[in-house]
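K.L.:
Provided herewith is a single structure, encoded as structure tokens, for subsequent inquiry.
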Amino acid sequence: MLEYLRNASEKPVAKIMIGILAFSFVGWGVAEWIFGGVAGNNNLMTVGGAEISAQQFNNAKSRQLAQMSREEQRNIYTDAAAQDAFNQQILQSVATEQMVQNRADDLGFVVSDKRIAREIRSYPEFQSNGEFSTLLFDRLLSNSGYSEADFANVLRNQILRSMVLGAMSVPVPVPEFAKRAAYDARYGEREIEYATVKYSDFKVAAPSDEQLTEFYKKNPKTVPETRAVSYVFVAADTMQPDSYDAGYAVAVKVEDDIIAGESMQDAAKKHGAKYVTYPAFNRDGRPVDKLMTDTMIAKIFDMEEGLESEMIETKDGFVFVRVDKVNPAHVADFADVKKSLISDWQKSEQKKQAYLRANELLVDLNENGKLAGVKAATVSRAKGAPTDVLVAAFRGDAGTNSIVPGEDAFYVLSVKKAISPQVDTKKMDELNKELQGVSLNAVQDDYNSFLMREYPLEINEKVYNRFFAK
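Numbering (the numbering used here), first residue to last: 367 to 836.
In structure tokens:
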């Protein structure tokens, strides 16, 4: 395969680090999986009819893991969510590579052995004193896990990718009218007048019980689901084999005792493990505990009351979790929230009166051109008035009047004039690059969709579920 290199160097080829061949189009991924009947074979998936085996997936996974730090590897092995995300990333990568290969075949693209040899000789990593070094080449290859054929295939696919996707990196020209319109929209200003009608300006008496009851019927308060939990923790450094084995042995004994009917507290005490219990909490009010990660909370709120989890492996040890009590989400009793309802009811009544006043001001403005308590301002999209007013000022056309709702007030707004900005060359250049990026992303998304339609991906569900223990 690498005859041209052999003739030039008179040295054998072994392995190479994949990092120097990193593909620049890493964003090109397959976003959708079509689970369908691909029964009767042991392939993990097919892409446009091309079969991808579980072994191909494992090879790609091993290469990716080899590039990761020990901490990153440990996170993948001990965090189920991280492991699932990593597997999906590898699946997408393998599928995308095959998709691009299919497209290259259909377009008739070919990469010759001579081209492969020339590319290899041009890598700075393989050169010494400006010349290709077989010694350096072999040394790098010997540490990476690639055979000669594997390396040639990786490089060939790299070149084919650039042929298939290279055009997708070319900036898309943006028409002048589009740039100007975007520039005006971003940097333009508005001359406005507005009056503020605060809710707090209106005094409201305390509500009666009947009024509060009626208000609560329309605005019920939901108490979120809460769960009381307990857990047993067996400490171990899972990156150290001896510590892992010792901790695992203790965890197995704890698990056996729990299955035999002992309480988690007794099992923990018996084997010197840590026992922790927490009163009921909701998803957003978790205890301050490093074991209460997003993944752990998700698991806790997916379990049934009275059940213990299987052994959960973390980077710090082994955990068994029990959901002691589940308090379902429910509408709070009126008596429990009556006091807090008073301020809500009063603000609601103030808001009604404020709106009536704002509407009076708007009618007067529309009929007589007058606005009491008016404030004039020249505003941009980011400053010059309250945020709600700014949004409304640029949403409406010049000459329009309206009522703008806010958090604590209504605003009566009159947009007087739209002011076109003076062109700043630096800002225009930055905007042009941004618009080119947006256009390029749109083209890439469209091409990606085309590839997915042209070379549909199908998962062998039976093999997939067995392979990933679904």
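Glycine included, each C-beta is placed from N, C-alpha and C at the ideal position.
For clarity, every value in this text was computed on a predicted model and none was experimentally measured.
1. Taking the C-alpha atoms as reference points, what is the distance between residue 415 and residue 821?
2. If contact is defined by three or more beta carbon pairs under 8 Å, each pair taking one atom from either stretch, is the segment 660-675 in contact with the segment 603-618?
3. Please name the residue, chosen from 799, 592, 742, that lies closest to residue 696 on a Cα-to-Cα basis.
4. Whose CA, out of 714, 594, 685, lies closest to the CA of residue 573?
5. Determine the direct distance from the alpha carbon of residue 678 to that of residue 438, and round the result to whole angstroms.
6. With DSSP collapsed to three states, give me the class of residue 411.
7. Going by DSSP, what residues sit across from residue 322 in a beta bridge?
8. So, residue 830 versus residue 707, is the Cβ gap smaller than 7 Å?
9. Return the first residue and the last residue of the beta strand (DSSP E) that residue 693 is part of.
10. Taking 8 Å as the threshold, find out whether the segment 488-501 comes into contact with the segment 443-454 through three or more Cβ pairs.
11. Using a threshold of 7 Å, state whether the C-beta atoms of residue 688 and residue 630 are closer than that.
12. If the criterion is Cβ atoms closer than 7 Å, does the pair residue 740 and residue 561 meet it?
13. Report yes if the CB atom of residue 442 is closer than 7 Å to the CB atom of residue 477, and no otherwise.
14. Which residues in the same chain have their Cβ closer than 7 Å to the Cβ of residue 464, if we skip the five residues on either side of it in sequence?
15. Kindly indicate the opening and closing residues of the alpha helix (DSSP H) around residue 610.
16. Using only the alpha-carbon positions, how far apart do residue 637 and residue 619 sit?
17. Contact check, residue 786 vs residue 540 under 8 Å by CB: the rounded distance?
18. Please report the distance separating the alpha-carbon of residue 712 from that of residue 578.
19. Residue 475: which of 462, 457, 531 sits nearest, CA to CA?
20. Indicate the three-state DSSP secondary structure (helix, strand or coil) for residue 599 in the structure shown.
21. Would you report the Cα separation of residue 725 and residue 588, rounded to the nearest angstrom?
P.N.:
Taking the definition as stated:
1. 8 Å
2. no
3. 592
4. 714
5. 18 Å
6. strand
7. Since the first and last residues shown for the chain are 367 and 836, residue 322 lies out of range.
8. no
9. 683-693
10. no
11. yes
12. yes
13. no
14. 413, 416, 418
15. 607-625
16. 8 Å
17. Not really, about 19 Å apart at Cβ, beyond 8 Å.
18. 10 Å
19. 531
20. strand
21. 33 Å
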